[in-house]
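-10 is the number of the first residue of the sequence shown in the working numbering; add one for each residue after it.
Quick reminder that beta carbons are idealized off the backbone N, C-alpha and C, glycines included.
Here the structure comes first, spelled out in structure tokens, and everything after it is commentary.
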Amino acid sequence: MLLHSAVCDRHMWAPQWPALRDAGYHVVWCDFRGFGDSPVADRPYRDAADVADLLDHLGLKRVALVGSSHGGEVALEVAATRPEAVTAVALLCSAMPGHVPGPELQSFTERKNALLAAGDIAGAVELNVMTWLGPEASGEVREQVRQMYRHAVETHATAKFASTAAPVDLARITAPCLAVSGAHDLADFRDIAVSLPERIAGARHLELPWAGHLPSLERPAVVTDLLIRFLGETVPAG
């Protein structure tokens, strides 16, 4: 199951899912509420609970989770609350339940919120593109992120509810875990990735020297190969 970042939607995984399918995996990629083709919520909700409900709806007893940024945070919550159901966790520049924003992330959030409060959607979009994409992202990828984020902002403008997160004990995660960070990412996400092997037994950290916050879009073929290798070590295809 592929879980997208809060800047994008499920379409960020377009480079990965065909290769994962061709490698023998049954691939599920979904939109969180208010992203892509998913409407905003009409009641309080949690993204992690929605993912668990989707697993039940699809009759999936065991699943490997691949999460980018907020999607990684959701993956960690699911893996900690349903450890028996999660076979592997691959995290790309993941957020973390309970993380207290550091100065860089706090500054970004304040600037973004100020732009949105002033109705400057274009400015907020450009701030996100500049912040989250590394130096190797192509113009096409930058435009793709612009479109996904603008759609999310416009959709969430009508939202009365936002996803909440439940406190979790990451030590309950039993699945193999790969925590990937980008050398050009904000310090918060680099620090989270470095800390996860101390919190999750058997987790390992890998830093990509060329990457920003969205490596699966910046060098899609490299990240696809990385995911297939990791899953091949931990989760038999088929």
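The criterion of a C-beta distance shorter than 7 Å is not satisfied by Ala141 and Glu207.
Leu220 is classed as buried because its beta carbon has at least 16 other beta carbons within 10 Å across all chains shown. Thr76 and Ala68 have their C-alpha atoms spaced approximately 9 Å apart. Considered as a whole, the region 104 to 184 harbours 166 to 171 as its complete beta strand (DSSP E) runs of no fewer than 3 residues, in chain order. The beta carbon of Leu116 sits closer than 7 Å to those of Arg100, Lys101, Leu104, all from its chain and outside the five residues before and after it, given in chain order.
As a beta-bridge residue in DSSP terms, Glu196 pairs with Ser170. DSSP places Ala77 in the strand class (E or B) of the three-state scheme. The straight-line gap separating the alpha-carbon atoms of Ile217 and Gly108 is approximately 42 Å.
In the three-state reduction of the DSSP assignment, Val211 falls in the helix class. In the displayed model, Val16 falls within coil according to three-state DSSP, outside both helix and strand.
If you draw a straight line from the Cα of Glu196 to the Cα of Glu187, it comes to about 16 Å.
Within the same chain, Val130, Arg131, Val134, Gly201, His202, Leu203, Leu206, Glu207 come within 8 Å of Leu122 by CB-CB distance, once the 5 residues on both sides are set aside. Selection Gly48, Pro86, Asp(-2), Leu167 evaluated against Asp20 yields Asp(-2) as nearest (Cα-Cα). A direct Cα-to-Cα measurement between Pro165 and Val224 gives close to 10 Å. Between the region 174 to 182 and the region 151 to 164 there are fewer than three inter-stretch CB-CB distances shorter than 8 Å, so the stretches are not counted as touching.
Counting only the Cα atoms, Leu81 lies some 20 Å from Pro72.
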